[in-house]
Structures are given as C-alpha cells and as structure tokens.
Amino acid sequence: MSSPNVPSPAPGRTLPRALAHALARHSTHAFGLMGNGNAHFIDELPAAGISLTQVRHEAATVASADAYTRISGRLAIATATYGAGFTNTLTALAEAAQARTPMLVVVGDAPTTGARPWDVDQEMLAAAMGVRTITLALDDLDATVDRAVASAQRSRRPIVLAIPYDLVTAEIIEPEPLGIDLNDPEVIRSLAAATLPAAARAATRGEPRPRTAATPAELAEALTALGRAERPLVLAGRGAWISGAGPELDALAERLGAPTASTALARGIFSDARYDLGVTGGFGQESAMAVIAEADVVVAVGASLNQFTMRFGELLGAETTLIRVDSDQVAPPRTVHPVKQVLLRGDAKEVLRMLLAELPGRRASGADWRERLTGLEPGGALRRRADGLAEHPDGRCADGRLDPRAVAARLAELLPEDRHVTSDGGHFIGWANMFWPVDSPERMIMVGTAYQTIGLGLATVAGVAAAAPDSTVVVTTGDGGALMSLADLETAVRTAGSCVIVVWNDAAYGAEVHLYGAMGLAEPPMLIPETDFAALARSFGATGVRVDSLADLDALREWSASGARGTILLDCRVSRSVVAPYQREVQRANGLEV
Ligand SMILES: Cc1ncc(C[n+]2csc(CCOP(=O)(O)OP(=O)(O)O)c2C)c(N)n1
1 MSSPNVPSPA PGRTLPRALA HALARHSTHA FGLMGNGNAH FIDELPAAGI
51 SLTQVRHEAA TVASADAYTR ISGRLAIATA TYGAGFTNTL TALAEAAQAR
101 TPMLVVVGDA PTTGARPWDV DQEMLAAAMG VRTITLALDD LDATVDRAVA
151 SAQRSRRPIV LAIPYDLVTA EIIEPEPLGI DLNDPEVIRS LAAATLPAAA
201 RAATRGEPRP RTAATPAELA EALTALGRAE RPLVLAGRGA WISGAGPELD
251 ALAERLGAPT ASTALARGIF SDARYDLGVT GGFGQESAMA VIAEADVVVA
301 VGASLNQFTM RFGELLGAET TLIRVDSDQV APPRTVHPVK QVLLRGDAKE
351 VLRMLLAELP GRRASGADWR ERLTGLEPGG ALRRRADGLA EHPDGRCADG
401 RLDPRAVAAR LAELLPEDRH VTSDGGHFIG WANMFWPVDS PERMIMVGTA
451 YQTIGLGLAT VAGVAAAAPD STVVVTTGDG GALMSLADLE TAVRTAGSCV
501 IVVWNDAAYG AEVHLYGAMG LAEPPMLIPE TDFAALARSF GATGVRVDSL
551 ADLDALREWS ASGARGTILL DCRVSRSVVA PYQREVQRAN GLEV
C-alpha cells in the first residue's frame, strides 16, 4: 500500500548517502578532513543539505564541532577518516567528552571482514575516553542515527558513528514502505512517542515529568537554611546555563537579597551586574573572594566546584552551609574549613523553581546583605582590576616586554562588543577571564580546560564562526598553543568573517616556567624561540601586527573602524615577569613560597 506523499525509495542508495540524509534531520553543520574512510560520506553532504567546513588537522574537526555546539546548543558533526584521521582527533575528543558536549563524530573504520594491518581498535580508543561507538550497518540507518543523537543528548557526550570500510559504497537495505507520510509532523510525533519509554512519552504529550531526585526532607532542609541565612550568596556554574536557569537564578538572588558569583564557564549568567562579584577562584578579585568567604549560606547551582573555583579549598568560610543543586550525585568539595553540604539533585531550573515556590517574599529593602555590601557597583572596589599601569606606566616591564595586564585592559576597550571569545589553555587564560567582560556564558568558551589540554584554540575558530557568523571571533592563545594548532590558522583566516587572534607571546611555555621554573628545574625546555606570528598570519592572508607597545594596539581600533572584516592577529610580546594571581594559587598549592 502506498500514498501519493510517500517518496519512493531511491533505488541503490549507498550507505554514505543514506547516512548524510539521516543526519540532516538533526544537524546542518559538519567540520571535516577527507580520507579513504569518509570521502564518500563527505561527497554526499551538500546534496543532503549539510554544509561542510574543511579544516587542516583532524583535531579541529572535533574542536570546531565542540565549539559550535557549546555556542549554539545545536548538534554538530565532525568527520575524519579511519586510523590516523581518527587518532588525530583524540585529544579534542577527550576534551569534548570531559566537557560534556553532545556531538557526532563520523569516521571511517576497519572493514566488517576484519582488520587490515594498519587498522587500530578505534572502538577501544573511544571507549577509553568514555565515548560510545555505533558501527553502522546496511539496514536501519535512520533509526541508528536517531538513537545516536538521543544518546549524545542524553549522556551529553560525543558519539562516534563508524563506517566500516567495505561499506563505504555499499547499497543500503531500504526499509519496507509503511504507507504513511513520514514528513507529516503528527506521524513523526506519534512514531517517536511509540518508541520512547513511558516518561518520555509523557513529555511528548506535554505532561510534566519529574526532573529532580531531591526528597521533600532535603528541600525542607535547604529552605530552612535559606530562611535563616544572614549572608546568602548564589553561585552559578555551566550546568545552570545548560539548564536555562538564568531567570530563576536572578529571581533567587533577588528574593534572598544575595550577591552573586559564577564559575569561569558561567560568566555573564546573572543579568544584574550591580550585585555580581564576578568569577570565583583565581580569576576573581581578592576583595570579592573575601566577601564570598563571609557568606553563611551558599547556593551553588550546576557548578562542579573544582579546585580552581574553590581556590584550592579556601573559597568558603568555616561552617558555611553549601546548598548544591546538581544533576549528578556530587560529593562535597574539598575545603580547608568544614562546610555542610545539602545536595538537591535534579535539573537546575526545576529545583530552583521548587525553592522559589516555597521561599518567603523578599525581606525589607536595605536589610539585604547585597545592599549592605559597599563597592559592588560597576567600577567599585570589588570589581576594579589592577592593570599594572601603577607599576609600569607605559605598560612595559623591566625586561622591555609588555605587561599582559595592561595589554588585556587596553584590549577590553578596543575589542568589538559583539564578540565570541574562544580560549586555548596556558598561563595566559587569566587575562581574558579577568579583563574582558562577557554578556552571556556562551560568549566565552574555554576549549581545553576540561581535559587540561593546550593547542585547541585556533582549531575552534571554524566552529565559533559557523555558530555565530555575525559576531567577531576572538581567539586568545599562547605562543605554545598557537604553534601546536598552527595548521588551523589557515582555517581561521579562511572561515571567519571577522576574527581577532590575540597571541600572548612570552617566548615560552609560560605555565611551565611559572611552576617548574619556579621550582628550580632547568628552563631551556620551557622556552620557545621568538616566533613572528604576525608574519605567519600575513602569509595566510590576514593582517598581522607585532605589538611591542600599547600604542601598537591602535591597529585593532583601525581594523574595527574599517568594518572589522577579515582576520587580524595581534602578536603581543608580553613579559614573563608578571605572574597571574591564579597561577600564584597554583604555585602555593604546589608548596612554593610566593
Ligand atoms: C597537549 C598538551 N601538552 C602539554 C601540556 C602542558 N602544558 C600546560 S600549559 C603549557 C604551556 C602553554 O604555553 P603557551 O601556550 O605559550 O601559554 P603560556 O603558558 O605561555 O601563557 C603546557 C606545555 C598540556 N596541558 N597539553
């Protein structure tokens, strides 16, 4: 039986063609580099309506897809060939897995008939990083892709879709026609509902389903603590942003009269900057951290409270009650003073709504802790940054190189306001985090921090540019990280309509100098010869500026004034004599007297 709306199956559809069409129902963007294992798949993407951005190293296939998803919330596809192509993705894949980014990685793989001499066990490699592999077969392709997408989204992790090499041009087994219109939204909904478990079926019918495991006793304990709090504080992490809990966080802070703070990955989540203490941990202001230590009740929402956020255990004062809202069963953080944790497990938005429904109205104005705190207003003592100019009036240190704080402060004035910042890892990460304000959390992503890797900064640009094409991409990277991902400087210049690359060029692996150099290890392996990144950028067709003085940064003003189009790389020759405050904490945590 067939209806006029049912498209007749295309005879002889190959696996890559069917795969591309199945994926097109979930994603519009792929980032790839071609080889034997994925050439046919890449060839099918345009016809399926998926745009492909070519990158120059496979790490960038995943790093760009990861960045795209972090910013847009939409699923992206990375694609690489088997073997070497896949192993080149591994560091970026580990980062995406650790950062809990849902995405798909389509790769070639060994033939179903058995491994060839050059094949490696890709499934084991992915599994070692906590990433699941689904090996494609000739039947059930649509359902397999749907399952992969659902799994990626549910687990918030990448999923690998592997194409066995002997199937790269094989014809798929078409499903029997069902005699119903598969393009009809009603049909799609009812089919989806029919295959979903009961709770999900309820959700598709619009019925609320519980998304919290917090018990009434736990909620009551939290509410009692909040009711008694004299100095409450609301601290938000990336989990709160992912849950879309921004409005509830604002409402809770308002209701409690609480100042707010965020982790580095949730900067900008609170809409009222007047009461925001900024980032907790080593990127924060000393005076703001002193305020947090005085809080008697801290509501931490979707924040993993890692050692950096917690200032190596020193963030919270003694006897603080810590109300954790988290979807995972998180253990209390390590702290130097004893704190009492009350865990409310569940979706941040939902748990906050439950708290708000029970909390009494706002206290009399003037009595709020946040109103009593002085100097919270923008530009007040709690928010002012030392830009180094008191010590180095022209921004230059004793060694003749620039004070990075002065460079960061000047860049904060010059960078286009509509920007998305993507950060590599290294000692320099503090500068963007401390000096460049962020409108909302997804406008500053740190690709590399979850897995503690460097070298993914330039590799993310294509993804950022695709996710936010009307915005300026700002890359902040060290000279070490930039050299590691130099291949994708070409990609950055080619793909971004508007891009500023800031290289914090200290002629060293600075983070190593400031830890192992400080411990007395020999410095030569920590040093990098002076590299002319401005010239490298020019060789790829970008504007390259060597920055030896603060005045040299005026080139950015001119670039912006003339439309902020194309790529400008600022090769900032900064001094190693200025150590970031967060790095001082790392030094102290490693037993160094500083
Ligand atoms: C892939 C990888 N290799 C090595 C390291 C160790 N490491 C951490 S920070 C760092 C130095 C980074 O140097 P650079 O990019 O120049 O930034 P800087 O620290 O100088 O600001 C290194 C080598 C790492 N984290 N990841």
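Under the numbering used here, the residue at position 261 of the sequence shown is numbered 261, and the numbers go up by one with no gaps.
The beta carbon of each residue, even a glycine, is placed where N, CA and C say it ideally should be.
By Cβ distance below 6 Å, which residues in the same chain neighbour residue 379 in space, the five residues on each side in sequence not counted? One-based indexing of the sequence shown puts residue 379 at position 379. Note that residue 379 has pLDDT 45, beneath the 50 cutoff, so the model's placement of it is unreliable and no number is given.
In this structure, how does DSSP classify residue 508 when only helix, strand and coil are distinguished? As a working mapping, residue 508 is identified with position 508 in the sequence shown. Three-state DSSP puts residue 508 in a strand.
What are the boundary residues of the alpha helix (DSSP H) that includes residue 430? As a position in the sequence shown, residue 430 is number 430, starting the count at 1. Note, residue 430: alpha helix (DSSP H), 429 to 435.
Check residue 484 in the structure and name its three-state DSSP category. On the sequence shown, residue 484 is found 484 positions in, with the first residue counted as 1. DSSP places residue 484 in helix when its eight states are reduced to three.
Secondary structure at residue 124, three-state DSSP: helix, strand or coil? As a first step, residue 124 must be located in the sequence shown, where it is residue number 124. When secondary structure is reduced to three states using DSSP, residue 124 falls in the helix class.
Would you report the Cα separation of residue 593 and residue 586, rounded to the nearest angstrom? Against the sequence shown, residue 593 aligns to sequence position 593. Against the sequence shown, residue 586 aligns to sequence position 586. If I take the Cα positions, the gap works out to 11 Å.
For residue 340, count the other beta carbons within 10 Å of its own beta carbon; 16 or more makes it buried, fewer makes it exposed. Which is it? Translated into the one-based positions of the sequence shown, residue 340 becomes position 340. Residue environment: residue 340 is assigned as exposed (fewer than 16 neighbouring CB atoms within 10 Å of its CB, all protein chains considered).
Cα-Cα, which of 119, 151, 159 is closest to residue 133? Taking the sequence shown and counting its residues from 1, one reaches residue 133 at position 133. Nearest option by C-alpha distance: 159.
Nearest-angstrom beta carbon gap, residue 479 and residue 506 [assumed within contact, 8 Å]: Here residue 506 is taken as the residue at index 506 of the sequence shown, counted from 1. Here residue 479 is taken as the residue at index 479 of the sequence shown, counted from 1. Contact annotation, residue 506 with residue 479: C-beta distance approximately 7 Å; criterion of less than 8 Å satisfied.
For residue 319, collect the residues of the same chain with a Cβ closer than 8 Å to its Cβ; drop the 5 residues on either side in sequence, then sort them by chain order. Counting from one through the sequence shown, the residue named residue 319 turns up at place 319. A distance below 8 Å between beta-carbons, with the five flanking residues on each side excluded, links residue 319 to the following residues of its chain, in chain order: 296, 337, 338, 339, 340.
Quick check: the Cα distance between residue 584 and residue 281, rounded to an integer number of angstroms? Taking the first residue of the sequence shown as position 1, residue 584 is located at position 584. Taking the first residue of the sequence shown as position 1, residue 281 is located at position 281. Cα to Cα, residue 584 sits roughly 12 Å from residue 281.
Mind listing which residues have their beta carbon within less than 7 Å of any non-hydrogen atom of ligand 1? Chain order is fine. Shown in chain order are the residues whose CB sits closer than 7 Å to a heavy atom of ligand 1: 91, 424, 425, 426, 427, 428, 452, 453, 454, 455, 477, 478, 479, 480, 481, 482, 484, 504, 506, 508, 509, 510, 511, 512, 528.
Top-ranked residue by Cα proximity to residue 299, from 328, 259, 290, 311: If you number the sequence shown from 1, residue 299 lands on position 299. Comparing Cα-Cα distances from residue 299 to each of 328, 259, 290, 311, the minimum goes to 259.
Ordered along the chain, which non-local residues of its own chain (more than five positions away) have a Cβ less than 7 Å from that of residue 576? Mapped onto the sequence shown, residue 576 falls at position 576. Cβ neighbours of residue 576 beyond the five flanking positions: 506, 508, 510, 513.
How do the region 86 to 103 and the region 146 to 158 stand: do at least 3 beta-carbon pairs fall below 8 Å, yes or no? These segments touch.
Does the distance from the CB of residue 93 to the CB of residue 129 come in under 8 Å? Within the sequence shown, the letter at position 93 stands for residue 93. Within the sequence shown, the letter at position 129 stands for residue 129. In contact: residue 93 and residue 129 (Cβ atoms closer than 8 Å).
Mapping DSSP to helix, strand and coil, what is residue 136? In the sequence shown, the residue the question calls residue 136 occupies position 136. Coil, per DSSP.
If I follow the unbroken alpha helix (DSSP H) through residue 69, where does it start and stop? The residue given as residue 69 occupies position 69 in the sequence shown. 58 to 72 is the extent of the alpha helix (DSSP H) around residue 69.
Beta strand (DSSP E) containing residue 262: first to last residue? Within the sequence shown, the letter at position 262 stands for residue 262. Run containing residue 262: 260 to 262, per the beta strand (DSSP E) assignment.
Are the beta-carbon atoms belonging to residue 424 and residue 455 less than 8 Å from one another? What you label residue 424 is simply residue 424 of the sequence shown in a count that begins at 1. What you label residue 455 is simply residue 455 of the sequence shown in a count that begins at 1. Cβ atoms of residue 424 and residue 455: closer than 8 Å.
Three-state secondary structure (DSSP) of residue 16: Your numbering for residue 16 matches position 16 in the sequence shown. If DSSP states are grouped into helix, strand and coil, residue 16 belongs with the helices.
Restricting to Cα atoms, I'd like to know which of 37, 72, 400, 277 is closest to residue 373. Indexing the sequence shown from 1 puts residue 373 at position 373. Closest by alpha carbon: 277.
Please name the residue or residues paired with residue 446 in a DSSP beta bridge. On the sequence shown, position 446 is the one that residue 446 refers to. Looking at the DSSP assignment, residue 446 forms a beta bridge with 423.
Residue 224: which of 289, 356, 138 sits nearest, CA to CA? Your numbering for residue 224 matches position 224 in the sequence shown. When only C-alpha atoms are compared, the closest one is 356.
Tell me the rounded alpha-carbon separation between residue 232 and residue 441. Here residue 232 corresponds to residue number 232 of the sequence shown, with the count starting at 1. Here residue 441 corresponds to residue number 441 of the sequence shown, with the count starting at 1. The alpha-carbon atoms of residue 232 and residue 441 are separated by roughly 23 Å.
With residue 560 as the anchor, note down where its beta strand (DSSP E) starts and where it stops. Start at 1 with the first residue of the sequence shown, and residue 560 comes out as number 560. No beta strand (DSSP E) contains residue 560, which is instead part of the alpha helix (DSSP H) from 554 to 561.
What do you get for residue 445, buried or exposed, if any count of 16 or more other CB atoms within 10 angstroms of its CB means buried? As a first step, residue 445 must be located in the sequence shown, where it is residue number 445. Buried is the call here.
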